[in-house]
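Numbering of the sequence shown is given in the UniProt record's numbering, commencing with residue 1 and proceeding in unit increments.
For every residue, glycine included, the Cβ atom is placed at its ideal position computed from N, Cα and C.
Step one of this worksheet: look at the structure below.
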Amino acid sequence: MQAASMVLHRRRHCTVLLVASFLLASPAWTPASAGSAGTDADHRALIQFRSLITDDPSGALASWGGNVTASSPAPCGWRGVECGVRGRRRGRVTALDLRRLGLSSSGSASPSSLSGLTYLRRLDLAGNRLGGGVPSPLPPSLERLNLSHNVLQGPVPPELGSLRRLRELNLGYNNLTGTIPASLGNLTSLTLLSLTSNNLAGAIPADLGNLQALTGLYLNGNMLQGSIPSTVFNISSLQQLVVQINNLTGTLPPDAGGRLPSLKLLNVDSNQLHGAIPASLCNASKLEVAQMLENSFSGVIPDCLGAHLKNLWALTLDFNQLEANVDADWGFMDSLTNCSNLKVIGLAGNKLGGVLPGSIVNLTTTMEYLSIRSNMVTGQIPQEIGNLVNLNTIYMHLNNLTGIIPTSIGKLNKLSNLLLYGNKLSGQIPPTIGNLTVLTELSLDDNMLTGPIPSSLGSCPLQALSLEHNRLTGPIPKEVFLISTLSAYASFQGNMLSGLPSEVGHLKNLVILYVSGNRLTGEIPDSLGDCQILQYCSMKGNMFQGKIPESLGQLKALLALDLSRNNLSGRIPDFLSTMKGLEQLDISFNNFEGEVPKHGIFLNASAFSVEGNSGLCGGIAQLKLPHCSDHVSTSNNKQSHKLAMTVSIATSILGISLLLLLALYVFCHQRRKLIQAEHSLPLINDQCVRVSYVNLMNATNNFASENLIGIGSFGSVYKGTMISHDQEVVVAVKVLNLQQRGASRSFIAECETLRCARHRNLVKILTVCSSIDSSGLDFKAIVFDFLPNGNLDRWLHHLWEHGTHSRIDLAQRRDIAIHVASALEYLHHYKPTPIVHCDLKPSNILLDNDMVAHVGDFGLARFVHQDQTNPSDISSSWATRRGTIGYAAPEYGLGNGVSIYGDMYSFGVLLLEIFTGKRPTDNDFVQDLNLHKYVQMALQDQQVASVVDQQLLPVQDPEHKGETCSSSTTRERTVACVSSILQIGILCSKELPTDRLLIDDALRELHRVRDGYNQMHLLSI
């Protein structure tokens, strides 16, 4: 007991990490064993571990008992605790399994309490929110350690190499830094090593080649450099080698496949590997997946792949520099016909030329995904392509394919994506495409297709349709506009189409409609105003006539409208000047008359165009139009000439129209890709514009755990890639946990706040999804710009502690503070009513490539004076949330309503944290001491240097005991600058709301500090 007491004493000086695991209650436990010294020690260790948990949302640890007494309940009956049943382990804790319970901890030190569990074999705390570092003192009996999917920081402890019994080590999906310790090569019993998705740098240690029992090595999603050590290819037991998404260089050994006879999974994509693909891979006869895309592999693809790899089901070689020039270079395709399990072939973005081999239709019928896009492939699509009955995706766009679209494509009843644009295909669109009852995306643009658009397309559940820049004729079939799922875009521009049916109004969820550059006649359908989600509409270069329908005023989401170069007439409707979201308007070269409005969009000459309408007058001065009074007097004199001029104008228009059509075709062809890229993801305006659940599922690889980048109060955030017309957009997808009370209201709050709020220092919301998931349950998600440098909390507390390469300096921190203040200034002065963020903290501040800060997570945001009497709000946890402990204003704890003063308190605490490096919930702050008082006392005692984050102060010259004159001066300037900013933080975080600085004053002071520091710096040079 004395030894146990000494261990416990040492534990009190440790703060927090977290490690939990799964232990099932043991029926063999007896009260007698509970009284032993060993079980008492286990009991104490578990109680101390529980004390480090700051949040247990599911009450998972409620069953854990209190202090150890003679009548203490058995730990073996506690949730997640498993005990031994015989021998020395009888009644002793052998496993802890607390996976996916949402447990949180605070602090930054590793608890060593669990090292006292001397018989612990399995520790599994995956899928929580545990912070701190990976514990170095762990029981030597440990065989399985899983701390993945937490927020752990710091290095991988070299001491882990002493756990000789360890068979599984999983530290993936954390914020670990530093290098991979070579000592891990001592774990000769290890079968699984996963360090996936951290921030590890440096080289892969050659010592890992000593792990001769290893079957799975996962180092993907880091910043590793150098080549893959040759020793790794000596691990004959290795089945999964996953090193994708790093900065690895070099080549694969020529004999790589022969040295890894057990290899099933090879993932080396998204690196900088080069050289040839080793033909020896054909000798890895058990290989199932070869994923090598996004490197610089060159040469031809080995033609033996299919001859020996009978189990191969995925081959992805996209975006390399692989070549094929003659038929023989396509020999690999012939050999792949031997792979009876093949499902995926990815060859996009290489230098593959020559004729598409006919053997492609002899691939196994299990094929699901076929991509040869963005190459230089010639020839025709084989008619027998319909044999591959399980294909769900065909990407053959951006090649030089000729001939017709095979009618047999209509047999592919599982096809959901068919992209053939950017080729030289001719003939008609086969009506058999209408048989594809799961087709969601069809893109045939930029070919030479002729004839009518088949009405059978109305049978396809399309979400995106592009037929632009072909030679299509006839009217657009009304059946196409009856496709209720058509939502992303519908583009018919650059053809010779003759009619736009009134059924266009049925496209309630359509975001983009392009019909420009055709021969459409008649009036613009009134029903177009029913397309409530429409954001971009281009109808230019047609022969529409009559007035602009008043119904278009209902398009509240409309951002851009182009009606130029038609025969429209009448006055410019007043509703165009009152559409709040409208950003671009072009009604040039029509027959409009009367006064140009002077409101709304018509106040910005760069946002609209009315040229080429001779009957217009007035408007803003930049238009240089005649005054309307002068215009009326001269117009009477012109009436007598009107008839003669009409004949002349009609003749001229006919000739000009032909020239314009030709010019428009060329112009639109050049603009097409730019427009699609710009509008591939629609912006929120007056209501939530939606993408589908399937879109987001595909973008995030079915919400895969490797794409999980954060877990918040109301949901999880995933990294995803959305593709629209060959344009890849990296996004962050926030999926709401609708089982969490208040999550739905949080979703609404975020949409309502950000639908119109736009500022360079706010996170940009791209689109939303309110739908049903694959299980038939409600699904809500918000899609944001992905900001690659993560959140500020990560930079302040996770990265720089273990390497100056990731440190943010004084200037960066000062600029981040100004960025956040600028965002708050915008929100607090938002019209018609201010917006209160309610949850300002470092983890809600995201950083882009240039370290520019963007305030995000508006799930708790309120408009000032927002009505909170809605019964659903009152019963919701959302209604009572006022922020996060440590950052929430003290008056919120008394139930006071939200206000901009509450945000100012949070901003003040944030300033103190940025420049001291201490969290407001730091364990140093006990009883009456908090971060505010801690800094205030230092300012009063003129001891600011003692509380400044030491990373900001210059390092002493190791050759001198003191500082040099230069470093001393720099230190003084740094302390003076930080002192001024800390003073601002103190004034913002005052106890009483009315005593706090407002954001205008705080921002002005921050600018003053920055300017003063820069002047001092210049004078010192």
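- Per DSSP, reduced to three states, the secondary structure at Thr-970 is helical.
- Taking Asn-509 as the centre and dropping the five residues before and after it, the same chain places the C-beta of Ser-487 and Ile-533 closer than 6 Å to its C-beta, in chain order.
- DSSP places Ala-464 inside the beta strand (DSSP E), whose first and last residues are 464-466.
- Judged by DSSP secondary structure, Val-947 falls within the alpha helix (DSSP H) whose first and last residues are 944-947.
- In this structure, the beta-carbon distance from Leu-293 to Gly-346 falls below 9 Å.
- Exclusion of the five residues before and after Pro-890 leaves Tyr-905 and Glu-991 as the residues of its chain whose Cβ lies within less than 8 Å of its Cβ.
- Judged by DSSP secondary structure, Gln-225 falls within the beta strand (DSSP E) whose first and last residues are 223-226.
- Per DSSP, the beta-bridge partners of Glu-523 are Gln-545.
- DSSP lists Val-717 and Ile-782 as the beta-bridge partner residues of Lys-734.
- According to the DSSP assignment, Gly-257 belongs to the alpha helix (DSSP H) that extends over 256-259.
- The alpha carbon of Tyr-421 has as its nearest neighbour, out of Val-733, Ala-757, Leu-401 and Gly-522, the alpha carbon of Leu-401.
- Positions of the beta strand (DSSP E) runs, each at least 3 residues long and wholly inside the stretch 98-178, are given as 122-124, 144-146 and 168-170 in order along the chain.
- DSSP lists no beta-bridge partner residue for Val-268.
- If the five residues before and after Tyr-901 are omitted, its C-beta is found closer than 6 Å to the C-beta atoms of Pro-993 and Arg-996, all from its own chain and listed in chain order.
- In the DSSP assignment, Thr-916 falls within the alpha helix (DSSP H) that extends over 900-916.
- By the neighbour-count definition (other C-beta atoms within 10 Å, threshold 16), Gln-535 is a buried residue.
- Arg-86 counts as exposed, since fewer than 16 other beta carbons sit within 10 angstroms of its beta carbon.
- Ile-818: member of the alpha helix (DSSP H) spanning 810-828, first to last residue.
- Leu-312 has its alpha-carbon roughly 42 Å from the corresponding atom of Val-763.
- In the structure shown, the three-state DSSP call for Ser-771 is strand.
- Given a length threshold of 3 residues, each whole run of the beta strand (DSSP E) inside the stretch 456-508 is given here in chain order: 464-466, 471-474 and 489-491.
- Thr-378 is bridged by DSSP to Val-355.
- Annotation: Gly-59 is outside any alpha helix (DSSP H) and is labelled neither H nor E by DSSP.
- Counting the other CB atoms within 10 Å of its CB gives Val-438 a total below 16, which places it among the exposed residues.
- Residue burial is scored here from C-beta neighbours: Ala-62 has fewer than 16 other C-beta atoms within 10 angstroms and is therefore classed as exposed.
- Look at Glu-82 here: in three-state DSSP terms it is strand.
- Counting every other CB atom within 10 Å of its CB across the protein chains shown gives Thr-916 a total of 16 or more, marking it as buried.
- Taken in chain order, the whole beta strand (DSSP E) runs of length 3 or more contained in the stretch 599-623 are 615-618.
- Per DSSP, Gly-410 lies in no alpha helix (DSSP H) segment and is marked neither H nor E.
- Contact annotation: Val-268 and Val-243 have beta-carbon atoms nearer than 9 Å.
- Remark: three or more beta-carbon pairs, one from each stretch, lie closer than 8 Å, so the stretch 454-469 and the stretch 484-502 are flagged as touching.
- The beta carbon of Ala-45 is closer than 7 Å to those of Ser-113, Leu-114, Gly-116 and Leu-117 in its chain, skipping five residues each way along the sequence.
- Counted as a single uninterrupted DSSP element, the alpha helix (DSSP H) harbouring Gly-331 occupies residues 331-336.
- In the three-state reduction of the DSSP assignment, Thr-921 falls in the coil class, being assigned neither a helical nor a strand state.
- Per the coordinates, the alpha-carbon of Ile-999 lies some 7 Å from the alpha-carbon of Leu-824.
- In the three-state DSSP reduction, Met-937 falls in the helix class (H, G or I).
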